[in-house]
Amino acid sequence: MKVAVFSTRSYDRQFLDVANQAANSPHELEYFETKLNEKTASLANGFSCVCIFVNDVANAATLKSLAEQGTKLIALRCAGYNMIDMQAASELGLKIVRVPAYSPYAVAEHAVGLILMLNRKLNKAYNRVRDDNFTLDGLLGFDLHNSTIGVIGTGKIGTIFAQIMQGFGCHLLGYDVYPNEHFSGIAGAKYVDLPELLAKSDIISLHCPLLPSTHHLINRDTIEQMKQGVMLINTSRGQLVDTRAVIDGIKTGQIGYVGLDVYEEEEDLFFQDHSDNVIQDDTFQLLQSFQNVVITAHQAFFTKNALTAIAQTTIDNISSWEQGTELTNEVKLS
Ligand code: NAD
């Protein structure tokens, strides 16, 4: 089957080619570096399948163009599907498949990495030693042992994250609209309501999906309810957080540390080299100017293990649709 693969980087080709060549009947993959949006949808003319990633724009207009050009299947190389207008996809008869789980360890471990970076100021320490400055002033950290970690969203990633933090000797508070026994079964973990989690946590880590109900879950009001000097970690989706409210929280000292792998307006920044450009996003520039903020560019998923699994599941999803077998990873309009 002809597949137009958008937002392709060299590593996507590398892993998708391996998985595709191992398939019983390999597909015709055509790679485009550009993102999918209303303007670039015409590139997929005549492709039955379009394969996209987190920052592609599959709104109603884009989906309409794709459907008119003969696309029947949209294969997401990710778990989240907030970039798809599901209502429009359903009306146009487009099937959507995704990769519901690849390596939850990759994302959970990255969240822990951000915590350790901030907690022990490793970013500053690294640069200082490279500068032959071996002083410790300004590098004072705190023990994770005995601190309280608030986990918002205790699904696959949130639970693994909690298990790792349990190993540090932390107390674990969880909040989820659908509590599960995987999280509550962790020694020392308990579910609380959101206000209690906000009020008692030293570190809050977001692991819930982006939905209308979770958009700006972290806002002026919820920040006010947090402990003074709290650490906020977001490896989930940028729009869970009202960035301007976080900036104000940093300025007043209400928020003591911020570790982000995702950013509200990352769509025009992340996965691209802007080192020769003047970044026009003043909010992002201000955010990254703070000493107590660490940002990575949506790389939490980026391990060999995860990319292998993403490529394998994506090719399997496309093959299942082509062969008319059950689409186990279909996303349906709820
Ligand atoms: P999951 O579906 O296993 O878990 C999500 C959990 O959030 C579920 O338990 C669900 O009940 C809960 N939830 C839903 N609405 C909620 C709400 N309003 N408040 C609190 N909890 C709520 O998903 P997962 O595999 O653990 O992934 C979590 C998120 O991580 C994804 O939605 C995605 O946005 C993000 N993610 C980021 C990266 C990255 O590279 N940074 C990679 C993969 C996933």
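This note's numbering numbers the first residue of the sequence shown as 686 and each following residue consecutively.
Just so you know, even glycine gets a beta-carbon here, dropped at the ideal spot from N, CA and C.
Since the structure is predicted, the reported quantities are computational estimates derived from the model, not experimental observations.
| Query | Result |
| --- | --- |
| Helix, strand or coil for Val-814, going by three-state DSSP, please let me know. | helix |
| Alpha carbon to alpha carbon, how far is Val-703 from Leu-761? | 18 Å |
| Once DSSP output is grouped into helix, strand and coil, what is the label at Val-735? | strand |
| For Asn-705, which residues in the same chain have their Cβ closer than 7 Å to its Cβ, ignoring the five residues on either side in sequence? | Pro-711, His-712, Leu-714, Ile-1000 |
| Span of the alpha helix (DSSP H) holding Met-916? | No alpha helix (DSSP H) contains Met-916, which is instead part of the beta strand (DSSP E) from 915-919. |
| The beta strand (DSSP E) with Ser-890 in it runs from where to where? | 888-891 |
| Please check the pair Leu-829 and Phe-853, which I expect to be a contact at CB under 8 Å, by giving their CB distance rounded to whole angstroms. | 4 Å |
| Between the alpha carbons of Gly-873 and Glu-881, how many angstroms are there, rounded? | 16 Å |
| Measuring straight from C-alpha to C-alpha, what distance separates Asp-878 and Ile-834? | 14 Å |
| Under DSSP, the beta strand (DSSP E) around Glu-715 begins and ends at which residues? | 713-716 |
| Just checking Tyr-942 against ligand 1 - is the residue's beta carbon closer than 7 Å to any of the ligand's heavy atoms? | no |
| Can you give the Cα-Cα distance for Lys-809 and Asp-817, rounded to whole angstroms? | 13 Å |
| Could you tell me if the beta carbon of Phe-956 falls within a distance shorter than 7 Å of some heavy atom in ligand 1? | no |
| Please report how far the alpha carbon of Asn-831 lies from the alpha carbon of Gln-848, in whole angstroms. | 14 Å |
| Cβ of His-867 versus every heavy atom of ligand 1: is any distance shorter than 7 Å? | no |
| Grab the span of the beta strand (DSSP E) containing Val-703 for me, first residue to last. | Val-703 -> not in any beta strand (DSSP E); alpha helix (DSSP H) instead, spanning 695-706. |
| Pull up the distance between the alpha-carbon of Ala-994 and that of Gln-772, whole angstroms please. | 28 Å |
| Quick check on DSSP: helix, strand or coil for Ile-871? | coil |
| Taking just the CA atoms, how far does Asn-740 sit from Glu-952? | 5 Å |
| Consult DSSP for Glu-949 and reduce its assignment to one of helix, strand or coil. | coil |
| Under 8 Å, with one C-beta from each stretch per pair, do the region 918-927 and the region 960-976 reach the 3-pair mark? | no |
| As a quick exercise: from Gln-910, Tyr-790, Ile-837, pick the residue whose alpha carbon is nearest that of Ala-930. | Gln-910 |
| For the beta strand (DSSP E) holding Leu-761, just list the boundary residues, first then last. | 758-761 |
| Got a sec, what are the start and stop residues for the alpha helix (DSSP H) Lys-989 sits in? | 989-1008 |
| Mind checking Asn-990: buried by the 16 CB within 10 Å criterion, or exposed? | exposed |
| Just to confirm the assignment: which complete alpha helix (DSSP H) runs, minimum length 4, are found wholly within the region 777-822? | 789-804, 807-815 |
| Could you tell me if the beta carbon of Ile-834 falls within a distance shorter than 7 Å of some heavy atom in ligand 1? | no |
| Return yes when the C-beta of Gly-840 is under 7 Å from any heavy atom of ligand 1, and no when it is not. | yes |
| Let me check understanding here. Comparing Cα to Cα, which of Phe-986, Phe-956, Ile-932 lies closest to Asn-977? | Ile-932 |
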